[in-house]
Amino acid sequence: MTDSGSPPNTRHDQLARDLSELARDLHRADAPDDVLREAVQAALELVPGAQDGSMTTIVVGKLVSHKAESGTLPMRVDALVSELGEGPCLDALRDHKAVVRVDDMRTESRWPQLAPRAAELGALSVLTFPLFSRDDNLCSLNLYAGTAHAFSEESEQIGCLIAVHAAVAYAGAQRTENLLAALETRDQIGQAVGLLMERYSITSERAFSTLVRFSRQTNRKLRDVAAELIFDAEAGAHR
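Throughout the sequence shown, residue numbering follows the numbering used here, covering 21 to 259 in sequence.
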């Protein structure tokens, strides 16, 4: 962690080492949600003034969810954001702003419904950074403090660096997860085609066409049809 009592050069050197270590930790994370948890924890350790944190995600511009919450305060504030449909994190994502900073929720006018209720919960200072990952899937890093004017320019600068590292790692983790899912789907479809070929003595082309036709008739995804066929075959083999 950085030491505010150290000379500027020493603090900068330590911050550089901390960020390098963070980058390695983020890229070692096994799943997208693990990246988000690592980023929140790092922000709490490195960003001056940060006491609690969370991540907000918006998928295809619609579905809002909150993840990696560090404690009760962010959980409650995030629940208010979902209930009211307004807040710093949504502005940062929907308006593509670089950073949204709140110095005192008690005097905040941008979110007339959220601000007084968030202040009552104890979230007086808020700092939000957007993480632009891939396609239409967006995230924001949200930091909270129980005192007014808790965040400084240094807080914004360090938070931005963490957000950049987290965005890159999050996008990479998503690509890996999608690739693994695609490989699993391909294997399942291949296995299902093989089962149909063996069961009905038909060609692979006809077996695949049969899967596709059933998928369309039942309005279900091809991978789900294949998975059900495999499950039924395995269940029958154990009877």
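Don't be surprised by glycine CBs; every beta carbon is placed ideally from N, CA and C. Bear in mind that the values here come from a model prediction, so they are computed numbers and not experimental data.
Contact under 9 Å by Cβ, residue i with residue j
| i | j | result |
| --- | --- | --- |
| L161 | M75 | yes |
| L110 | V119 | no |
| Q208 | A183 | no |
| R126 | V146 | no |
| L46 | E65 | no |
| H185 | A43 | yes |
Presumed contact (8 Å Cβ cut-off) between residue i and residue j, rounded CB distance
| i | j | result |
| --- | --- | --- |
| Y164 | A143 | 5 Å |
| A212 | P150 | With a Cβ gap of about 41 Å, A212 and P150 do not count as contacting. |
| K87 | D53 | 6 Å |
Residue i versus the options, residue with shortest Cα-Cα distance
| i | options | result |
| --- | --- | --- |
| L181 | D50, A62, T196, E248 | A62 |
| R226 | Q237, D54, G214 | G214 |
| G179 | E58, V67, D33 | V67 |
| R206 | T148, E218, K241, R236 | K241 |
| D72 | S90, D123, L56, R37 | S90 |
| A138 | A99, E176, E173 | A99 |
Own chain residues within Cβ distance below 8 Å of residue i, not counting five before or after
| i | result |
| --- | --- |
| A253 | L215 |
| V245 | A212, L231, F234, S235, T238 |
Own chain partners of residue i with C-beta closer than 7 Å, once the 5 adjacent residues on each side are dropped
| i | result |
| --- | --- |
| A51 | A193, E197 |
| F228 | V213 |
| L141 | L93, R96, V97 |
Distance cut-off 8 Å: residue i Cβ against heavy atoms of the ligand PLP
| i | result |
| --- | --- |
| T238 | The ligand PLP is not part of the structure shown, which contains no ligands of any sort. |
Opposing strand residues paired with residue i [DSSP bridges]
| i | result |
| --- | --- |
| L161 | M75, F149 |
| V60 | Its beta-bridge partners do not exist; DSSP assigns none. |
Proximal residues to residue i (C-beta, below 6 Å), its chain only, five neighbours per side dropped
| i | result |
| --- | --- |
| T77 | S85, C159 |
| G69 | A165, A170, F171, S175 |
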